[in-house]
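One line per chain: the protein sequences are D, C, L and A, in this order.
For what it's worth, the numbering used here labels the leading residue of the first sequence as 74, then goes sequentially.
For what it's worth, the numbering used here labels the leading residue of the second sequence as 74, then goes sequentially.
For what it's worth, the numbering used here labels the leading residue of the third sequence as 872, then goes sequentially.
For what it's worth, the numbering used here labels the leading residue of the fourth sequence as 872, then goes sequentially.
Glycine included, C-beta positions come from ideal geometry on N, C-alpha and C.
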Amino acid sequence: MMRKRMIHAINDALFEEMERDERVILIGEDVGASIFGDTRGLLDRFGPDRVRDTPISEAVMSGMAVGAAAAGYRVVCHLMYANFIYTAFDAIANQASRLRLMTNGQIRLPVVFMAAGGGGRSNAGQHSDYPHAPVASLGGVYVATPSCSADAKGLLKTAIRTDDPVFFLQPTSRGGEMGDIPEGDHTVPLVSAHVARQGDDVTIVAVGAMLRIAMRAADALAEEGVSVEIVDPRTSYPLDEDVILASVRKTGHLVVVDEARAAGSVANHISALVCEKAFSALRAPIIPVTTPDLAVAYSPPLEKAMIPGPEDVVAAVQRLIKETGQ
Amino acid sequence: MMRKRMIHAINDALFEEMERDERVILIGEDVGASIFGDTRGLLDRFGPDRVRDTPISEAVMSGMAVGAAAAGYRVVCHLMYANFIYTAFDAIANQASRLRLMTNGQIRLPVVFMAAGGGGRSNAGQHSDYPHAPVASLGGVYVATPSCSADAKGLLKTAIRTDDPVFFLQPTSRGGEMGDIPEGDHTVPLVSAHVARQGDDVTIVAVGAMLRIAMRAADALAEEGVSVEIVDPRTSYPLDEDVILASVRKTGHLVVVDEARAAGSVANHISALVCEKAFSALRAPIIPVTTPDLAVAYSPPLEKAMIPGPEDVVAAVQRLIKETGQ
Amino acid sequence: MISNTRAAGSLDLLRMMLTIRKAEERLASDFKAGLLPGPVHLYIGQEAVATGVCAGLDDRDWITSTHRGHGHFLAKGGDPKAMFAEIYGRSTGICGGFGGSMHVADVSKGILGANGIVGGGIALATGAALATQLDGENRVGVCFFGDGAAAQGVLGEALNVASLWKLPLILVCENNGFSEFSPSNNVIAGDIYRRAEPYGVPSVRIDGNDLDAVLDASRTALDRARNGGGGTLIEALTYRIHGHVEGEQAFLKTRYREDDEIERWRGEDPIERYARRLVDQGEMASGKFAEMEEDIGRMIKDAADCVADDPYPEIGNLERHRLGAE
Amino acid sequence: MISNTRAAGSLDLLRMMLTIRKAEERLASDFKAGLLPGPVHLYIGQEAVATGVCAGLDDRDWITSTHRGHGHFLAKGGDPKAMFAEIYGRSTGICGGFGGSMHVADVSKGILGANGIVGGGIALATGAALATQLDGENRVGVCFFGDGAAAQGVLGEALNVASLWKLPLILVCENNGFSEFSPSNNVIAGDIYRRAEPYGVPSVRIDGNDLDAVLDASRTALDRARNGGGGTLIEALTYRIHGHVEGEQAFLKTRYREDDEIERWRGEDPIERYARRLVDQGEMASGKFAEMEEDIGRMIKDAADCVADDPYPEIGNLERHRLGAE
Ligand SMILES: Cc1ncc(C[n+]2csc(CCOP(=O)(O)OP(=O)(O)O)c2C)c(N)n1
Ligand SMILES: Cc1ncc(C[n+]2csc(CCOP(=O)(O)OP(=O)(O)O)c2C)c(N)n1
Ligand SMILES: [Mg+2]
Ligand SMILES: [Mg+2]
């Protein structure tokens, strides 16, 4: 085990995969200077052929990633802030997500679109979205949502080795967070939810940056005698249905915590999944805890009020217990 | 009452609103020639200032719509096929959906983005999406999904009079369908789900083109003695929660039919809503009926198999009855 | 038929143009006869462009194409049988019936596919050019696109990056005078070829109905690209004899061009012009053309007939294209 | 301070540049002191561009701006107090604390807002120009954008439509030599101003640190636009003295420019140059400048101080911006 910040875990993953496979290339705006630190050092190490600073041209950048992947490369396309995936959306939605089907599998696309999403830094309305649902809506793109250093490294390494597109959505506010990472070639399968905490009374599914929030809530609830099990989906699309369903079948109660807007959350997908496939195990309503259906506001008190915190999760669990069997 | 095809109902709505308010303008590719017929005659009637054929430039077109609306016009931006909303997505997602919040309400945007979505015509992978979920995910844009001529006219007229952005998603395969429309200035409020058929045993929420499918299924089920209530949400975002919840509280059973991919459907949103707010009324799992998580395939048998048909809805209801109280 | 027109003789080139013409005439009559499930956009009148450009390419050079892509597919070595089967929606189609007319692709021939998104191929070809540059084998990426597509911003983005990185990218704009039903000068300002100038990318405007002119211009562009000289923009002036899409008369209420304009262009038929030139210069016996036309007509008829009743794809094959299926 | 610089005298213009300078110096020290919740991008060194262009505008002309938008806001008549309050995240901010530094907007002054999406303002200004053209009151739409933003395809789309429709659109590219941390010539091919030529849009490159040159160029562009002559692209060469974003030293591991380059540009300070010119030509007494600097310094200090502790916005105000809330 080694302890590393999430941003350095991501950096390690890029180093190791570019080292491992010379067909891995990286394109993006200022990936050389690296404003987040996740691509730092790659330009020096692998040179300007494989590590390319691009102009501010998300449309051609995302489409170029698709074309280069179709022509035999493994492309990591760094989009910086997740809102810029909207600027890059055409090639992701109309090309990347569907060329496999439209060509009957002649074209497979090993492309990773990576970006930092979510709030917490007063980056305001155009730099704080957590847009996993719109990408999930395409059907043809994996959405990886790491919650910790180890998963960030392991998921990204797997994503780069995957022959279909992956959107790797790292939490903007968590880059500096330390975490333990197994030594060596640490990979994490894409569709492999993980039980981050064992419990009996209530299941909390928490996505990305919300995992730590859920953990805090679970500690508080433990003191009230409520035993919480926490599931980290790791990929918000596709969902690892078995792990989520198994936990709900055990606890009979579900709270879903997602930093995205309610209307853009996968909380809805998870609720729908459970309500279809584990309905008989459910003993209470499924309570979503999300950001309201608004762009994130700038002023710190507004931003703090919008993004789920431990107290919101605790309140949701308490409401759920209250409504049990009503 | 008058009987009209849906496409002519939409055409009437545009005529009437442009007649009514000279600040209503229409921009889009070949809105003059009108490949669907929904904008036919408008150029002759209102002239090239207010009805503008644009170049194939979805990025500037959608952003221009936002700018012109901010500067005092009511803009209808015709995007032709709904997949092209991905090409236009940046300004819709990063600007239209959030300028109201970011400017603290200084900017309100009366913009209607209209497009035809869904399959049924072998238009294949890049012309058959029904992308209401990605737009809904933004939070700041209404999504209107008419199922019949009357609603197409009434919803579009209301959309044009609304001070916030609306995505008007007409069903590609239903333009030729006849329907009764009230005489005169017929408008339909945006968030006003409608009970299209009364029943007692099962609620089916059916979106857009799926309404007719659900109606057919209901007829078949009636013969088996199953009484189906059908709710048409009319706007898939925001949802008219009260009407949907009231129906489920009455029947205790819910099937949601949505032409979009499961991962891009609002079926998930509706399930989540009901599972949170009407859980105690639910007597069985909520069954979604959607298109699989793929782009729509070209070959007719493949396309037909992908898009929900009456038999799929009947099967879902039968499954639901079987699982009741298990 | 010739599966690779590289360094082909003049008779081969004439055969290729005739092959495209006959294939499209067959599709036109098939459409009239209601034998085609989806829309088709025919290339009749533009054959010299695809034929002349692809004459200098081989299977390891990449092309991207448009919604009007049959000619590019055939000229780059695609198999007519597999193309017909695809457009008929059969399992024997080049894309197994999944793609259809707007998505014919054959990766083994370097054909990344027709594309239903106008301008969509530009970024893909840019990425393919990046891949070939990294491969270092003097391969190129070629993008065919229309005059209407020149209005898509991604063209400027591609020109910028192609210039900065000296990408072996050949942008071939087929200016056929119309963007759907809009005459080019309603939607395109100035000369398309000149749009490359500010980026320092060499460009030229040629007579796209003169095969020799196309061969010259593409040879120059290819030599430049293969020798590290970077990209080129070629604007080929041509004309589509058929409508934008077969059957357009059914939905167009007004005409958008005059018969005598069409007649004038029939007089510029690229096939007849080239045949005449060959006869005049003694490269072809005068009787040869009729004979050739008959052979190819027969070859095309056989190709189409022999797949017309091939089986439709198995519905189960849809699962093969889901994420996770290998 | 002057709330409208139209037809302002030279001393007013000097005051405006000083106002911007002092305001930004205050923000720089506030940032260092940790008083700003979010990122700020300072305009120091570029003041002549905003001041010179806005000198010809009044409240009914529209501007769109960038992430580096404080100077445009002030020059167009925005209130410094309301700007500081916004950047401090206070309820008294021009956007009630919802927008922050990257979204300062004052619609009553014709300021459609700073914008966090690079190139985002281009399409908005195009739409505003369309609106003014329809109004027929000889108003204009002005878009400020950076050299890096010139790589966004939407610029070409806007030039095309502005040319076709003769829109009163003035595109002001502030070429400050950097796109974040990339020197322009790494990401921009050729001369930006020349990119307007193929579209037939007049363009000019000027010394953006020479207020008189900016005044001349914008007067020409404004006369053209107000008299139906259509759009203009102005490329103003300038330099940002501060970093891309305050505090960048904290995350940048390498330097991206030399100190002497910065020093060289300090010698080109637009304020000192203009002041010197006024003194030399006897338009200003030599002692006047120091006095003016002091007055404005005091005015800015008072403006900032008096709002620095204003209340944060009420959390309940979030609801005011939801769809449906009026
Ligand atoms: C992004 C996008 N916008 C609009 C369309 C609809 N559309 C299909 S073909 C076409 C015209 C294309 O004109 P051009 O590029 O000149 O090609 P041509 O049809 O003349 O070969 C349009 C607008 C589309 N397919 N994709
Ligand atoms: C669509 C988009 N892509 C990337 C970014 C990140 N970004 C913010 S500012 C900037 C550089 C802009 O350079 P320029 O246009 O020259 O403006 P300047 O900062 O020099 O004033 C970038 C890449 C963004 N905000 N929006
Ligand atoms: Mg054309
Ligand atoms: Mg710059």
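_For D:P373, which residues in the same chain have their Cβ closer than 7 Å to its Cβ, ignoring the five residues on either side in sequence?_
Numbered from its first residue, the first sequence carries residue 373 of chain D at position 300. Hits under 7 Å: S195.
*Take L:R877 and list the residues in its own chain whose beta-carbon comes closer than 6 Å to its own, dropping the five residues that flank it on each side.*
The count along the third sequence starts at 1 and reaches residue 877 of chain L at position 6. With a pLDDT of 42 at L:R877, under the threshold of 50, the modelled position of this residue cannot be trusted; read the value that follows with caution. The residues are D929.
*Note down the Cα distance separating A:A1000 from D:M134, rounded to an integer number of angstroms.*
Your numbering for residue 1000 of chain A matches position 129 in the fourth sequence. Your numbering for residue 134 of chain D matches position 61 in the first sequence. Taking the straight line joining both Cα atoms gives about 29 Å.
*Going along chain C in order, which residues have a C-beta closer than 9 Å to the C-beta of A:N1009?*
Position 138 of the fourth sequence, counting from 1, holds the residue named residue 1009 of chain A. The contacting residues do not exist; A:N1009 stays about 14 Å from chain C at best.
*asked:* Give me the residue from L:S936, L:A926, L:L889, L:V924 with the minimum Cα distance to L:G916.
replied: As a position in the third sequence, residue 916 of chain L is number 45, starting the count at 1. If we check each option's Cα against that of L:G916, L:L889 comes out closest.
*Report the rounded CA-to-CA distance for D:R147 versus D:V97, giving the unit in angstroms.*
Numbered from 1 along the first sequence, position 74 holds the residue referred to as residue 147 of chain D. Numbered from 1 along the first sequence, position 24 holds the residue referred to as residue 97 of chain D. The straight-line gap from Cα to Cα measures roughly 5 Å.
*Note down, in chain order, every chain B residue with its Cβ under 7 Å from the Cβ of L:T937.*
Within the model displayed, chain B is absent; protein chains D, C, L and A are what it includes.
*Using DSSP with H/G/I as helix, E/B as strand and the rest coil, what is L:T876?*
Counting from 1 along the third sequence, the entry for residue 876 of chain L is found at position 5. Here the model assigns L:T876 a pLDDT of 42, short of 50, so the residue's position is not dependable and the matter cannot be decided.
*Quick one: complete alpha helix (DSSP H) runs, 4+ long, within the segment 219 to 266 of chain D?*
Qualifying alpha helix (DSSP H) stretches, in chain order: 222 to 234.
*Run through the segment 916 to 954 of chain L for me and flag every whole beta strand (DSSP E) of 3 or more residues, listed as ranges in chain order.*
For the segment 916 to 954 of chain L, whole beta strand (DSSP E) runs of length 3 or above, ordered along the chain, are 933 to 935.
*asked:* In whole angstroms, give me the CA-to-CA distance for A:L1035 and A:G984.
replied: For the purposes of this step, residue 1035 of chain A is taken as residue 164 along the fourth sequence, with counting starting at 1. For the purposes of this step, residue 984 of chain A is taken as residue 113 along the fourth sequence, with counting starting at 1. Going by the C-alpha atoms only, they are around 26 Å apart.
*Looking at the C-beta of C:C348, does it have a partner C-beta in chain D at a distance below 8 Å?*
Along the second sequence, one-based indexing puts residue 348 of chain C at 275. Chain D, which has a Cβ nearer than 8 Å to the Cβ of C:C348, makes this yes.
*Residue environment, L:R1074, which counts as buried when at least 16 other CB atoms sit within 10 Å*: In the third sequence, the residue the question calls residue 1074 of chain L occupies position 203. Arg is not the amino acid found at residue 1074 of chain L; the sequence shown has Ser there. Buried: at least 16 other Cβ atoms inside 10 Å.
*Under 7 Å from any heavy atom of ligand 4, does the C-beta of A:F1049 make it?*
Walking along the fourth sequence from the start, residue 1049 of chain A turns up at place 178. The answer is yes for A:F1049.
*Three-way DSSP call (helix, strand, coil) for A:Y1145 in this model*: Working through the fourth sequence from its first residue, we reach residue 1145 of chain A at position 274. Three-state DSSP puts A:Y1145 in a helix.
*Along chain L, in chain order, which residues have C-beta atoms closer than 7 Å to that of D:M153?*
The sequence position of residue 153 of chain D within the first sequence is 80, counting from 1. Those do not exist, as D:M153 stays about 16 Å from chain L at its closest Cβ, beyond 7 Å.
*Contact the segment 223 to 231 of chain C vs the segment 78 to 85 of chain C: 3+ CB pairs below 8 Å*: Cβ pair count under 8 Å is three or more, so yes.
_If you reduce the DSSP assignment to three classes, tell me which class C:A335 lands in._
Your numbering for residue 335 of chain C matches position 262 in the second sequence. Per DSSP, reduced to three states, the secondary structure at C:A335 is helical.
*asked:* Please list, in chain order, the chain C residues whose beta carbon lies closer than 9 Å to that of L:Y1183.
replied: In the third sequence, counting from the first residue as 1, residue 1183 of chain L sits at position 312. In chain order: S372, P373, P374, L375.
*In this structure, does DSSP put D:I129 in helix, strand or coil?*
The residue labelled residue 129 of chain D in the question sits at position 56 within the first sequence. Collapsing the DSSP output to three states places D:I129 in coil.
_Could you check whether the Cβ of A:L1123 sits closer than 8 Å to any Cβ belonging to chain L?_
As a working note, residue 1123 of chain A is residue 252 in the fourth sequence. Cβ-Cβ to chain L under 8 Å: no for A:L1123.
_When you compare the CB of C:A175 with every CB in chain D, is at least one pair closer than 8 Å?_
Taking the second sequence and counting its residues from 1, the one referred to as residue 175 of chain C is at position 102. Reading the sequence as shown, one finds Met at residue 175 of chain C and not Ala. It does; some Cβ of chain D falls within 8 Å.
*Does ligand 1 have even one heavy atom less than 7 Å from the beta-carbon of C:A287?*
The residue given as residue 287 of chain C occupies position 214 in the second sequence. No.
*Beta-carbon separation (whole angstroms), L:G1101 vs L:L1038, contact threshold 8 Å*: Counting from 1 along the third sequence, the entry for residue 1101 of chain L is found at position 230. Counting from 1 along the third sequence, the entry for residue 1038 of chain L is found at position 167. In this structure, L:G1101 and L:L1038 form a Cβ contact; the two beta carbons are roughly 6 Å apart against a cut-off of 8 Å.
_Among A:L907, A:R1065, A:G991, nearest to A:L1104 - alpha-carbon criterion_ = Within the fourth sequence, numbered from 1, the residue matching residue 1104 of chain A stands at position 233. Ranking A:L907, A:R1065, A:G991 by CA distance to the CA of A:L1104 puts A:R1065 first.
*For C:Y159, name the three-state secondary structure that DSSP assigns.*
Counting from 1 along the second sequence, the entry for residue 159 of chain C is found at position 86. When DSSP states are grouped into helix, strand and coil, C:Y159 belongs to the helix group.
*Any chance the CB of A:F1122 is under 7 Å from a heavy atom of ligand 2?*
For this step, residue 1122 of chain A is matched to residue 251 along the fourth sequence. Ligand 2 never approaches A:F1122 closely enough for any of its heavy atoms to be under 7 Å from the residue's Cβ.
_Enclosing beta strand (DSSP E) for C:D305 [first to last residue]_ = Mapped onto the second sequence, residue 305 of chain C falls at position 232. Here the beta strand (DSSP E) through C:D305 covers 301 to 305.
*Closer than 7 Å: C:D126 CB and nearest ligand 3 heavy atom*: As a working note, residue 126 of chain C is residue 53 in the second sequence. The answer is no for C:D126.
*Hey, out of A:G1114, A:S1053, A:R939, A:F955, whose CA is closest to A:A894's CA?*
Here residue 894 of chain A refers to the residue found at position 23 of the fourth sequence. Distance from the Cα of A:A894 is smallest, within the candidate group A:G1114, A:S1053, A:R939, A:F955, for A:F955.
_chain C within 8 Å of D:P361, Cβ atoms only_ = By one-based count along the first sequence, residue 361 of chain D stands at place 288. Cβ-Cβ to chain C under 8 Å: yes for D:P361.
_Under 8 Å (Cβ pairs) to chain C, residues found in the segment 1055 to 1079 of chain L_ = Those would be N1057, V1058, I1059, in chain order.
*Can you tell me the Cα-Cα spacing of A:E1165 and A:R1147, whole angstroms?*
For this step, residue 1165 of chain A is matched to residue 294 along the fourth sequence. For this step, residue 1147 of chain A is matched to residue 276 along the fourth sequence. Distance between the alpha carbons of A:E1165 and A:R1147: 17 Å.
*Does any residue of chain D bring its CB to less than 8 Å from the CB of C:H342?*
The residue labelled residue 342 of chain C in the question sits at position 269 within the second sequence. It does; some Cβ of chain D falls within 8 Å.
_Cβ of C:L211 within 8 Å of any chain D Cβ_ = By 1-based counting over the second sequence, the position of residue 211 of chain C is 138. C:L211 counts as touching chain D.
*Determine which residues share a DSSP beta bridge with D:N177 and list them.*
Along the first sequence, one-based indexing puts residue 177 of chain D at 104. D:N177 is not bridged to any residue.
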